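Under our numbering, the first residue of the first sequence carries the number 213, and numbering increases by one thereafter.
We put the beta carbon where it would ideally sit given N, CA and C, even for glycine.
Just so we're clear, the structure is a prediction, and the values are computed from it rather than from any experiment.
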Amino acid sequence: MINIAMGHVPSQTRQKGNSLIAFPSSYTIIDIETTGLSPEWDSIIEVAAVKVKDNQIIDSFSSIVNTAAGIIVDEYITNLTGITQTMIDEAPLITDILPKYLNFIGDDYIVGHNVNFDINFIYDKAQEYLNATVSNDFIDTLRLFRRLSPDKPHHRLSDLAEEYHLDYTDAHRALRDCMITQSGFQALKDTALSLHGTIDNFISTCKKKSYSHSGVKASDIHTNKTDFDVTNPFYGKTCVFTGALDKMLRKDAMQIVADLGGINGDSVTKKTNYLILGNNAYCKTIKDGKSSKQKKAEKLKLSGQDIEIIPENVFYDMLNE
DNA sequence: TCTCCTCGAGATCT
DNA sequence: CTCGAGGAGA
213 MINIAMGHVP
223 SQTRQKGNSL
233 IAFPSSYTII
243 DIETTGLSPE
253 WDSIIEVAAV
263 KVKDNQIIDS
273 FSSIVNTAAG
283 IIVDEYITNL
293 TGITQTMIDE
303 APLITDILPK
313 YLNFIGDDYI
323 VGHNVNFDIN
333 FIYDKAQEYL
343 NATVSNDFID
353 TLRLFRRLSP
363 DKPHHRLSDL
373 AEEYHLDYTD
383 AHRALRDCMI
393 TQSGFQALKD
403 TALSLHGTID
413 NFISTCKKKS
423 YSHSGVKASD
433 IHTNKTDFDV
443 TNPFYGKTCV
453 FTGALDKMLR
463 KDAMQIVADL
473 GGINGDSVTK
483 KTNYLILGNN
493 AYCKTIKDGK
503 SSKQKKAEKL
513 KLSGQDIEII
523 PENVFYDMLN
533 E
């Protein structure tokens with residue numbers, strides 16, 4: 213068995229809230245500065261939060277914090293944030309600030325940019341110093357930005373500020389970043405409204421995208437060809453694919469079948485004539501190298517069905533005849 | 001049609 | 001972490 217090192221929380225056991233796609237009118241924006249990227253090895257050096265009620269900023273919270281374990285800020289972080297070793301040494305202790313910070317946030321929705329980063333730190337430190345759990349649901353402006361502007365090459369906070377012409381001066385201090393994120397969050401809400409009409413509309417398209425099958429269904433493939441070469445091996449035959457093709461997308465392969473006058477199927481049935489085998493090595497649910505489609509096809513073949521099981525490369529060879 | 005699963009690729013936070 | 005591609009079962 214594996215022994216868990218003391219003093220930090222393994223990520224698997226964090227009982228965090230849910231990541232939401234939503235635009236509530238009341239929430240708390242958070243941001244922290246740290247000595248590095250790892251909640252396990254690095255320390256919080258500054259916390260900040262901005263409370264919004266009915267779309268109005270009503271309060272804020274900000275403090276540099278001193279983790280009494282004698283932490284050292286390196287030059288990179290001081291350059292990035294402007295927070296010096298002296299500032300930390302003179303700051304109140306994390307055991308003093310953290311309870312006030314958590315109390316300020318309360319059970320609000322938490323909003324932040326790549327907010328998982330901040331929540332993971334806060335979660336672990338709250339556990340370590342206070343034996344408390346942070347389970348607020350949260351909204352990530354990075355996630356929203358990606359959904360709403362998928363074509364942009366980057367979605368950093370600076371990119372968000374640039375996209376919406378927000379003041380990005382004095383960034384990388386916790387309270388400033390909260391304010392920038394707050395403006396960005398409002399701008400994202402406006403964008404969601406103008407792109408999708410209503411917020412519910414935007415949310416439902418998100419759900420559709422992540423849940424509904426992006427996989428190609430046979431009914432999605434159509435051909436506008438009318439005169440087929442009736443001698444080609446796939447004419448009038450029903451074809452089914454299993455696994456990922458190495459040389460093309462399944463969608464394109466199905467289109468070729470349709471254009472040859474063949475019929476595409478989603479699953480192996482008595483009507484299936486060809487099962488084309490792609491690569492299923494990646495699929496962990498398949499233990500013996502054979503997908504359930506292949507097993508069913510082998511069974512049908514044994515019982516005398518007119519069905520051929522062919523590897524991907526044979527499929528291409530048959531196309532070239 | 002709907003729900004839930006796995007995996008790999010790519011990006012962000014200090 | 002999140003998303004897209006793909007699969008299984010009901």
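By Cβ distance below 8 angstroms, which residues in the same chain neighbour residue i in space, the five residues on each side in sequence not counted?
| i | result |
| --- | --- |
| T417 | H408 |
| A234 | Y321, I351, I411, I415 |
With DSSP as the reference, label residue i as helix, strand or coil.
| i | result |
| --- | --- |
| F273 | strand |
| V262 | strand |
| F235 | coil |
| E520 | strand |
| Y486 | strand |
| S223 | No answer about S223 holds up, because its pLDDT of 48 lies below 50 and its placement is not dependable. |
| D254 | coil |
| T393 | helix |
| E302 | coil |
| E340 | helix |
| E533 | coil |
| T403 | helix |
| D439 | coil |
| T381 | coil |
| D363 | coil |
| T246 | strand |
| T296 | coil |
| V327 | helix |
| T417 | helix |
| V526 | helix |
| S426 | Legend: pLDDT at S426 = 42, less than 50; position of this residue unreliable, value from coordinates given subsequently. Coil. |
| V469 | helix |
Is it right to say residue i is buried, meaning 16 or more other beta carbons lie within 10 angstroms of its own, or is it exposed?
| i | result |
| --- | --- |
| I258 | Looking at the sequence provided, one finds Glu at residue 258 rather than Ile. Counting Cβ neighbours within 10 Å, E258 comes out buried, since at least 16 surround it. |
| T450 | buried |
| G248 | exposed |
| E533 | exposed |
| H366 | exposed |
| N348 | buried |
| Y288 | exposed |
| D412 | exposed |
| R355 | buried |
| A386 | buried |
| A280 | exposed |
| K437 | exposed |
| E302 | exposed |
| E524 | buried |
| T309 | Before going further, note that residue 309 is Ile rather than Thr in the sequence given. Burial call: buried. |
| R358 | exposed |
Could you please give the first and the last residue of the uninterrupted alpha helix (DSSP H) stretch that includes residue i?
| i | result |
| --- | --- |
| I317 | 306 to 317 |
| I289 | 287 to 293 |
| L372 | 369 to 375 |
Along the beta strand (DSSP E) that carries residue i, what are the first and last residues, could you check?
| i | result |
| --- | --- |
| G282 | It is not in any beta strand (DSSP E) - G282 carries neither H nor E in the DSSP assignment. |
| G324 | 322 to 324 |
| D352 | 350 to 352 |
Report back the beta-carbon spacing between residue i and residue j to the nearest angstrom; my notes put them in contact at under 8 angstroms.
| i | j | result |
| --- | --- | --- |
| I306 | N278 | 7 angstroms |
| H377 | L292 | That pair is no contact at about 24 angstroms. |
| I244 | I334 | 7 angstroms |
| Q517 | T345 | Actually they do not touch by this definition, with Cβ atoms about 57 angstroms apart. |
| L487 | N444 | That belief does not hold up - the Cβ atoms of L487 and N444 are roughly 18 angstroms apart, past 8 angstroms. |
| G193 | I270 | Any answer about residue 193 is impossible in this case: the structure gives the chain only from 213 up to 533. |
| S361 | E375 | 7 angstroms |
| L369 | D389 | 7 angstroms |
| S275 | P311 | About 12 angstroms separates the two Cβ atoms, so there is no contact after all. |
Sorted by chain position, which residues of the same chain lie with C-beta nearer than 7 angstroms to residue i's C-beta, five sequence neighbours on each side aside?
| i | result |
| --- | --- |
| M391 | V262 |
Quick one: what's got a C-beta closer than 6 angstroms to residue i's C-beta in the same chain, skipping five residues either side?
| i | result |
| --- | --- |
| F414 | A404, H408 |
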